[in-house]
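Protein chains: 2
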Amino acid sequence: MFVIICYDITDDGRLNKARKVLRKYLNWVQYSVFEGNISYGNLEKCLAEVSEVIDKREDSLYVYMTDFEKSIRKKVIGKDKNPSDNFI
Amino acid sequence: MFVIICYDITDDGRLNKARKVLRKYLNWVQYSVFEGNISYGNLEKCLAEVSEVIDKREDSLYVYMTDFEKSIRKKVIGKDKNPSDNFI
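As they're listed, the protein sequences go chains A and B.
In terms of the UniProt record's numbering, the first sequence opens at residue 1 and continues consecutively.
In terms of the UniProt record's numbering, the second sequence opens at residue 1 and continues consecutively.
What follows is the structure, given as structure tokens:
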């Protein structure tokens, strides 16, 4: 499964903890975006860990998932901050 | 076509201009994320307009596109900042 995770975390402490978790599972491609291939099990583990470190009343995480990575095309305009090699 | 646009724009002036453009075409769902259905033609127009107002050496826009909206599932953890009704 391919996922794109975008987050809006208002506190730097929580933000760093969330990134630390996400980096174990996915590629950090932009200031508030991670992407990559991940199994269902690992995504559940990842989201459970991130849920522990964010404040759900304040912060938000959008998780876009698809089983068909080939169905997604990606275009970068401007700086490709962190070209993730496992992508199109 | 369904798109998710994530951006990392370092200057507030450029950021506001880019958002102004994006809001004409898509739904603003998170601090630096827009999403929605859009035609190829309108996406080209949108990206051309945004390219005019950002600094491509500094800023970055990631455009994820799919023709198969149904192939994407979305999960929100925490605050759903701007529930976009045209989505799953």
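The beta carbon of each residue, even a glycine, is placed where N, CA and C say it ideally should be.
Item: Three or more C-beta pairs below 8 Å linking the stretch 29–36 of chain A and the stretch 2–10 of chain A; Value: yes
Item: Range of the contiguous beta strand (DSSP E) that encloses B/S39; Value: Run containing B/S39: none; DSSP gives neither H nor E here.
Item: At least three beta-carbon pairs within less than 8 Å, the stretch 60–74 of chain A to the stretch 67–81 of chain B; Value: yes
Item: Any C-beta of chain A under 8 Å from that of B/G36; Value: no
Item: Under the three-state DSSP convention, the category A/K56 falls into; Value: coil
Item: Option in A/F2, A/M1, A/T10 with minimal Cα separation from A/I54; Value: A/T10
Item: Straight-line gap, B/L47 to B/Y25 (C-alpha atoms, nearest Å); Value: 10 Å
Item: Where B/G36 falls, given that 16 or more other Cβ within 10 Å makes a residue buried; Value: buried
Item: The ligand HEM heavy atom lying under 7 Å from the CB of A/K17; Value: As presented, the structure is devoid of all ligands, the ligand HEM included, so that no description of it is given.
Item: Proximity winner among A/S51, A/D67, A/N42, relative to A/R14 (alpha-carbon distances); Value: A/S51
Item: Residues, ordered as in the chain, of the stretch 61–77 of chain A that lie near chain D by beta-carbon distance below 9 Å; Value: The structure shown contains no chain D; its protein chains are A and B.
Item: Residue environment, A/G78, which counts as buried when at least 16 other CB atoms sit within 10 Å; Value: buried
Item: Paired residues, beta bridge with A/L61 - DSSP; Value: A/Y7, B/I77
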